[in-house]
Amino acid sequence: MAVFLSTYVNKVDRKGRCSVPAQFRASLAKSSAPGMIYLWPSLNHRALEGADQDYLDVLSDSLESPDLDPDEREMIETFIFGKLIPLQVDNEGRIVLPKDLAEFAGITEEAAFIGRRKTFQMWEPTALKAHEDALRDQVVRKDISLSQIVAKAQRGSAARKEGA
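Numbering (the working numbering), first residue to last: 39 to 202.
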């Protein structure tokens, strides 16, 4: 499964072509479908979500869980798999951004790619900056730190081991 890290801002030309960041391409090369990315409109933001084939396989398999609420399954199938567009990265490392996806995210002259581990997002750069500013305010307000997150995860892992 590809791992997407960091943030990059790349130009979008008149034909909708945009370079995929080199780090993303290198990670995609290790995927079961090298050179392919899959984009869909975000459920939560005016942005695009993206992933490789391996992530989509995991997501698809998770929809088979009997624990998943049928309404959630319907939403994921309709708004992710139903809107998903597979894109081939060309020999120059570019994709052609579909017009409807670009319009949804407000992407015109530049696209900001932000890695989110197993997925990535594409934003209009100014919108991403506003989103990051709002998230930073939440981090400060909630006094979130990495050490707290790690400690919480370790406590949860220990509790699961004791319960097993």
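Each residue gets a CB set at the ideal place from its N, CA and C atoms; glycine is no exception.
Query                                                                                                                                                                                              : Result
Take every Cβ of the segment 61-69, pair it with every Cβ of the segment 102-109, and state whether three or more of those distances are shorter than 8 Å.                                         : no
For proline 124, tell me which candidate among Glu110, Pro163, Asp92 has the shortest Cα-Cα distance.                                                                                              : Asp92
What's the C-alpha gap between serine 57 and arginine 132?                                                                                                                                         : 4 Å
Pull up the distance between the alpha-carbon of valine 41 and that of glutamate 200, whole angstroms please.                                                                                      : 31 Å
Could you tell me which uninterrupted beta strand (DSSP E) segments, each at least 3 residues in length, are contained entirely in the segment 151-178, listed from first to last along the chain? : 157-161
Considering only the alpha carbon of each residue, which of Ile182, Leu173, Ser185 lies closest to histidine 83?                                                                                   : Leu173
Ignoring anything shorter than 3 residues or poking outside the segment 75-158, list the beta strand (DSSP E) runs there in chain order.                                                           : 86-89, 123-126, 132-134, 148-154
Can you tell which of Thr45, Arg55, Ser44, Tyr46 has the C-alpha that lies nearest to the C-alpha of threonine 146?                                                                                : Arg55
To which residues of the same chain is alanine 71 closer than 6 Å at the C-beta, ignoring the five residues directly before and after it?                                                          : Gln91
Output yes if chain D places a C-beta closer than 7 Å to the C-beta of valine 41; else output no.                                                                                                  : Given the protein chain composition of this structure (a single chain), no chain D is represented.
In this structure, how does DSSP classify valine 188 when only helix, strand and coil are distinguished?                                                                                           : helix
Could you check whether leucine 86 and alanine 143 sit closer than 7 Å to each other, using their CB atoms as the reference points?                                                                : yes
Could you give the residue range of the alpha helix (DSSP H) that holds arginine 63?                                                                                                               : 60-66
Whose C-beta lies closer than 8 Å to the C-beta of arginine 155 among residues of the same chain, with five residues either side of it excluded?                                                   : Val41, Phe42, Leu43
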